[in-house]
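Heads up, the sequence shown is in the numbering used here, so the first residue is 41 and it goes up one at a time.
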Amino acid sequence: MDKSQPALSSHTENASPGPSSVTASTASGRVAGGKYLEGVNESSAHDGPLQTVDFDLPVTVTQRMVQDGNQYIVLDFVPGDKENPFNWDPKYKAFISCLLCLMTLFIGLATTAYSSGISDMASDLGTSTEIAELGLFLFNFTCALAPLFLAPFCELAGRRVVYTGAYFCFAIMFIGLALGKNIGTILVCRALLGLFGCVGTILVGGTFGDMYRPEDRAIPVATFSFIAIFGTVGAPIYAGFIDQALGWRWVEGIQGLANIPLGLVILFFLPETRGSVALGKRAKALRTHTGDDRYVTENDLEAPSLKTMLHNSSVKAIKMLATEPVVFAFGLWIAFAWFLTFLFLSVIPITFQEKKGWNEGVSGLPYIALCLGTTMGFGLNFFQIRKYESLVQTGEARPEARLYGALYGAVWLPIGLFIYSFTQYADLPWIAPVIALVLIAIGIFFIFESCYSFTSDCYGESSSSAIAGQGFMRNTLGAVSPLFASQFFHNVGSQYAGLILALIASALTLIPYVLFWYGPQLRARSKLASLVVHGDGEKKGHNDSAGQGV
């Protein structure tokens, strides 16, 4: 995965200065107090003069600025400041990353484990299978809509409070899912489950951007994307056995219980990762103890209005999807990949239960192939990372350098679909469609990797809006696919339905080749993309961890 990708968005673009006039004076210095004064050089031509205060305050850089005729003293971290998340111990950052990846895993598992108990649920609650399948639709649909409107509120509230609050509400929803007495309760809980689940995951990319500098971000972001896909395709492996042995209510109940320990760890050990929050506390302490209201952070001066943030996360996202060919093309490609991911929740049971006569639990084992393929894609992606890093060192790292993985890896999606289409016959060995599933998963991983990384590099500060639009398209198609997957494969015929999908995948696989050769011309015709190429937007884009969630 790229160093500036996104699964998840920090909305760096929302922090762009508005039309107000901001000028910086040459007067800079430092402020510190209490126990932090020990060993500090009070007079340094390099660091500037030191102002002391009578309370504990780490050494902090001050810069005098004028905005709209008002003078401010803007705080910033000194090099090596331990409260700056970039300077946290690598092991501590790895611990935080593991927590977020585990949270993403559990949310991904909840997305699709529901599908294993749909038939029994419909029978118990006296409804049709088609109505029960709306639970898959509602989960994905709220995931599609919510980030367009809720991401700005997440930025305003801070990351920690959103993670803990959203994950607590996410876990609570399993009570309703496990004990619900009617299908209405189940569907409402599924919709809310998707809402709270996506609120948590849309911040993961931004959190990595808080802690990791662009050159260190590739592996944690790639791991996050891998876990997001792995959890989504892996849930039916165990959910089918639970449903067969204990019933559909325990599929939900066990998941709810499993979320409790992780929720407690997140509550007590997950810190606030936004450096601006730490600086904001220092500014507040200085204002309180000195009575000088000029102490602020850069974020205080540059923070846009809520209206502007909502525009960037919703209106601008949809507009870019409709007007930017690169955004739409990759949005369509990744949406088709996500469409297939949820389509196979219905297709795999048709192949292995109906055609090969496997029971419900055993028929979930082919999902292991999807997990294996995702893992292989994650491992092979390190060649893409190495290739990109070598181009960075030679100064040849254009956005198209993010597409090498897609050029060689995404082609396995149509190949896998062709193989799967004509190996579903009952008299053919089971291993053939399973191998096809491995290839399909490899292709899907590289589609995700290239879409997010290429979009981030192309659009810089506007990439989070672009990825929000792509996420809307992706989750919408993922939402509708389970509603007609079974009818499509039964009415058209499994082999021909698979062939149609393989032909569509073949056409879409041309996208990275077209963009690799003609990307510079397309970017030159785009006002937003050309700003990144010809200005300093590419550098800024690396800090825009577009993590709208997977």
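Ideal Cβ placement from N, Cα and C applies to all residues, glycine included.
By the DSSP assignment, the beta strand (DSSP E) with residue i in it spans what residues?
i, result
"residue 116", "110 to 117"
"residue 91", "90 to 93"
"residue 97", "97 to 107"
"residue 337", "335 to 337"
Which same chain residues end up closer than 7 Å to residue i when comparing Cβ atoms and leaving out the 5 residues on each side of it in sequence?
i, result
"residue 476", "456, 459, 460, 463"
"residue 175", "154, 226, 227, 230"
"residue 283", "156, 157, 160, 291, 400"
"residue 127", "120, 121"
"residue 74", "95, 96, 97"
"residue 535", "461, 462, 464"
"residue 41", "The predicted model places residue 41 with a pLDDT of 40, which falls under 50 and marks its position as unreliable, so this point remains unresolved."
"residue 523", "173, 177"
"residue 59", "In this predicted model, residue 59 has a pLDDT of only 44, less than 50, meaning its place in the structure is not dependable; the value taken from the coordinates is given anyway. Here the set comprises nothing."
"residue 222", "165"
"residue 318", "123"
"residue 559", "439, 440"
Can you tell me where the alpha helix (DSSP H) with residue i in it begins and where it stops?
i, result
"residue 426", "407 to 434"
"residue 553", "550 to 565"
"residue 398", "Careful: residue 398 lies outside any alpha helix (DSSP H) and carries neither H nor E."
"residue 250", "244 to 251"
"residue 290", "288 to 309"
"residue 510", "503 to 532"
"residue 277", "258 to 285"
"residue 125", "Here residue 125 belongs to no alpha helix (DSSP H), and DSSP marks it neither H nor E."
"residue 230", "223 to 241"
"residue 363", "356 to 363"
"residue 199", "199 to 219"
"residue 494", "471 to 499"
"residue 451", "Segment: none, residue 451 is in no alpha helix (DSSP H) and carries neither H nor E."
"residue 169", "169 to 172"
Measuring CA to CA, which of the options is closest to residue i?
i, options, result
"residue 209", "232, 347, 408", "232"
"residue 563", "499, 535, 546", "499"
"residue 481", "199, 511, 384", "384"
"residue 296", "212, 328, 271, 366", "212"
"residue 307", "204, 224, 236, 397", "204"
"residue 206", "240, 394, 220, 77", "240"
"residue 466", "391, 516, 432, 525", "391"
"residue 597", "171, 117, 270", "Nothing can be reported for residue 597, as the shown portion of the chain is limited to 41 through 590."
"residue 91", "202, 435, 70, 516", "70"
"residue 525", "393, 93, 386", "386"
"residue 547", "472, 376, 403, 131", "376"
Can you give the beta carbon distance from residue i to residue j, rounded, assuming they're within the 8 Å contact cut?
i, j, result
"residue 425", "residue 251", "Contact flag wrong, Cβ pair sits at about 18 Å."
"residue 238", "residue 187", "6 Å"
"residue 428", "residue 273", "Wrong, their Cβ atoms sit about 26 Å apart, outside the cutoff."
"residue 491", "residue 374", "4 Å"
"residue 379", "residue 518", "6 Å"
"residue 149", "residue 275", "4 Å"
"residue 302", "residue 146", "6 Å"
"residue 405", "residue 267", "Going by Cβ atoms, the distance from residue 405 to residue 267 rounds to 21 Å, so no, they are not a contact pair."
"residue 450", "residue 483", "5 Å"
Beta-carbon within less than 8 Å of residue i's beta-carbon, same chain only, minus the 5 sequence neighbours each way: which residues are those?
i, result
"residue 55", "Because the pLDDT at residue 55 is just 39, under 50, the model does not fix this residue reliably, and the value given afterwards should be weighed accordingly. Excluding residues within five positions, the ones whose Cβ falls inside 8 Å are 339, 342, 343, 344."
"residue 189", "350, 353, 354"
"residue 78", "none"
"residue 57", "Only weak support exists for where residue 57 lies, its pLDDT of 42 falling under 50; the value from the coordinates is given anyway. Once the five neighbours on either side are set aside, the close Cβ partners of residue 57 are 341, 342."
Who are the Cβ neighbours of residue i in its own chain at under 6 Å, not counting the five residues just before and after it?
i, result
"residue 574", "For residue 574, the pLDDT reaches just 44, beneath the cut-off of 50, and the residue's location in the model is therefore unreliable, although a value from the coordinates is still provided. Here the set comprises nothing."
"residue 409", "474, 477, 478"
"residue 323", "115, 335, 336, 337"
"residue 579", "At residue 579, the pLDDT of 40 sits below 50, so the modelled position is not reliable; the number obtained from the coordinates is stated separately. Closer than 6 Å at Cβ, skipping near neighbours: no residue."
"residue 43", "Unreliable positioning characterises residue 43 in this predicted model, as indicated by a pLDDT of 37, which lies under 50. The coordinate reading is nonetheless provided below. Closer than 6 Å at the Cβ level, and outside the excluded window around residue 43, lie 254, 257, 258."
"residue 281", "401"
"residue 545", "453, 454, 457"
"residue 431", "437, 441"
"residue 118", "99, 101"
"residue 528", "537"
"residue 167", "223"
Taking 7 Å as the cut-off, is the C-beta of residue i nearer than that to any heavy atom in the ligand ATP?
i, result
"residue 133", "Ligands displayed in this structure: none; no statement on the ligand ATP is therefore possible."
Inset, instruction - Check whether the segment 330 to 343 touches the segment 173 to 192, taking contact to mean three or more Cβ pairs, one atom from each stretch, closer than 8 Å. - result: In short, these stretches do not touch, since the Cβ pair count stays below three.
Legend entry - Cβ contact (3+ pairs, closer than 8 Å) linking the segment 503 to 518 and the segment 347 to 366: The segment 503 to 518, when compared against the segment 347 to 366, does touch it at the 8 Å Cβ threshold.
Inset, instruction - Taking 8 Å as the threshold, find out whether the segment 547 to 560 comes into contact with the segment 411 to 426 through three or more Cβ pairs. - result: Contact fails: fewer than three Cβ-Cβ distances are below 8 Å.
Inset, instruction - Would you be able to state if there are at least three C-beta pairs under 8 Å between the segment 210 to 217 and the segment 98 to 111? - result: no
Inset, instruction - Pair every Cβ in the segment 310 to 329 with every Cβ in the segment 259 to 269, then say whether three or more of these pairs are closer than 8 Å. - result: no
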